[in-house]
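Below is one structure, written out as structure tokens, with a few remarks after it.
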Amino acid sequence: MTNAAPLPDSTAASPTLTLLSRIQADWARVRPDLDAQPMLTLLLLDRLHTALARHIELTYLDEGINASNWDLLLTLLRSAPPEGLTPTELSELSAITGASMTNRVARLLDKGLVERALNAVDRRSVRVRLSARGRKLVETLLSEHLAREARILSVLSPEEIALLTALSSKLVQQVEALGQGAAG
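Right under this line is the structure:
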């Protein structure tokens, strides 16, 4: 029953694909009755995610910034009005919980990359915005960040990128639905 699709023949150039081919062969040998395709496909996606994250984080690691903080800085650059965003608004825009957001903001405050200001509308709350130093850093690194992402996707045609985006979106919807108890 092992009807797993064969992996591309480029395994010689990729330790990950070599490993996945080995795993595929092992399952076919040990349990030929199992359909290992879902496991292999999701393992490939997991390995891809890890490799992508490692490559992209090279953009900002030298600045002592991790992926979570980089995402927060990008959120402030793209979404914040000049007066900044409340921590709740930041959480909503980046899907980060309140406690995690507080820790991230504190780390970026310590680095001088963001500022807190009292909310003019509600003096009991604060707004977070990029500091001048933070804005300059993000603007400087953003071009490199986008160039890294473009280099990764350069092996795909525009049609393949559109298909990858559509399929990835479909999987996100399915995983989110399964996480909410829908579908079994």
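The sequence shown begins at 17 in our numbering and counts up one residue at a time.
C-beta: ideal position from N, C-alpha, C; glycine also.
**Report entry** Which of helix, strand or coil DSSP assigns to E99
**Finding:** Within the sequence shown, the letter at position 83 stands for residue 99. For E99, the secondary structure class from DSSP, reduced to helix, strand or coil, is coil.
Requested in this report: Compare the C-alpha of I168 against each of Q40, A69, T156 and name the closest.
Outcome: Numbered from 1 along the sequence shown, position 152 holds the residue referred to as residue 168. Distance check between I168 and each of Q40, A69, T156 places A69 closest, using alpha-carbon atoms only.
Query raised in the report: Whose C-beta lies closer than 8 Å to the C-beta of V121 among residues of the same chain, with five residues either side of it excluded?
Result: Locating residue 121 in the sequence shown gives position 105, counting from the first residue. Excluding sequence positions up to five before and after V121, its CB lies within less than 8 Å of the CB of L88, P103, L106, V130, R132, V144, all in the same chain and listed in chain order.
Query raised in the report: Along the chain, where does the beta strand (DSSP E) that runs through L134 open and close?
Result: Within the sequence shown, residue 134 is the residue found at index 118, counting from 1. For L134, the uninterrupted beta strand (DSSP E) run begins and ends at 130–134, by DSSP.
Requested in this report: Count the other CB atoms, across all protein chains shown, that sit within 10 Å of the CB of A52; report buried if there are 16 or more and exposed otherwise.
Outcome: Position 36 of the sequence shown, counting from 1, holds the residue named residue 52. Taking every protein chain shown into account, the CB of A52 has 16 or more other CB atoms within 10 angstroms, so this residue is buried.
Query raised in the report: Alpha carbon to alpha carbon, how far is E175 from R45?
Result: The count along the sequence shown starts at 1 and reaches residue 175 at position 159. The count along the sequence shown starts at 1 and reaches residue 45 at position 29. Annotation: E175 to R45 spans about 37 Å, alpha carbon to alpha carbon.
Query raised in the report: CB of L88 to nearest heavy atom of the ligand MG: below 7 Å?
Result: Looking for the ligand MG in the displayed structure turns up nothing, as the structure carries no ligands at all.
Query raised in the report: Can you tell which of H161, S30, N85 has the C-alpha that lies nearest to the C-alpha of K127?
Result: For the purposes of this step, residue 127 is taken as the residue at position 111 of the sequence shown. Ranking H161, S30, N85 by Cα distance to K127 puts N85 first.
Query raised in the report: By Cβ distance, which residues of its chain are closer than 6 Å to A96, with the 5 residues on each side in sequence left out?
Result: Here residue 96 refers to the residue found at position 80 when the sequence shown is read from its first residue. Answer for A96: R145, listed in chain order.
Query raised in the report: Per DSSP, R143 is paired with what?
Result: One-based indexing of the sequence shown puts residue 143 at position 127. According to DSSP, which records beta bridges pairwise, R143 is partnered with A133.
Requested in this report: State the Cα-Cα distance for the pair L61 and S141, rounded to the nearest angstrom.
Outcome: For the purposes of this step, residue 61 is taken as the residue at position 45 of the sequence shown. For the purposes of this step, residue 141 is taken as the residue at position 125 of the sequence shown. When rounded, the separation of the alpha-carbon atoms in L61 and S141 is 41 Å.
Query raised in the report: Residues in its own chain within less than 8 Å of L59 by CB, not counting five upstream and five downstream?
Result: Counting from 1 along the sequence shown, the entry for residue 59 is found at position 43. Excluding residues within five positions, the ones whose Cβ falls inside 8 Å are L36, I39.
Query raised in the report: Roughly how many whole angstroms lie between the Cα atoms of G195 and E165?
Result: Counting from one through the sequence shown, the residue named residue 195 turns up at place 179. Counting from one through the sequence shown, the residue named residue 165 turns up at place 149. G195 and E165 have their alpha carbons spaced roughly 29 Å apart.
Query - Assigned secondary structure, G80 (DSSP; H/G/I helix, E/B strand, else coil) - result: Sequence index remark: in the sequence shown, residue 80 carries index 64 (1-based). Note: G80 maps to coil in three-state DSSP.
Query raised in the report: Excluding the five sequence neighbours on either side, which residues of its own chain have a C-beta within less than 8 Å of the C-beta of R75, listed in chain order?
Result: Here the question's residue 75 lines up with position 59 in the sequence shown. The amino acid occupying residue 75 in the given sequence is Thr; Arg does not appear at that position. Excluding positions up to five away in sequence, the list reads W86, L157, E160, H161, R164.
**Report entry** Secondary structure, alpha helix (DSSP H): runs of 4+ residues fully inside the stretch 47–93
**Finding:** Complete alpha helix (DSSP H) runs here, min 4: 53–72.
Query raised in the report: Ends of the alpha helix (DSSP H) at S173?
Result: Residue 173 sits at position 157 when you count from the first residue of the sequence shown. Taken as a continuous stretch (DSSP letters only), S173 belongs to no alpha helix (DSSP H), as it is neither H nor E.
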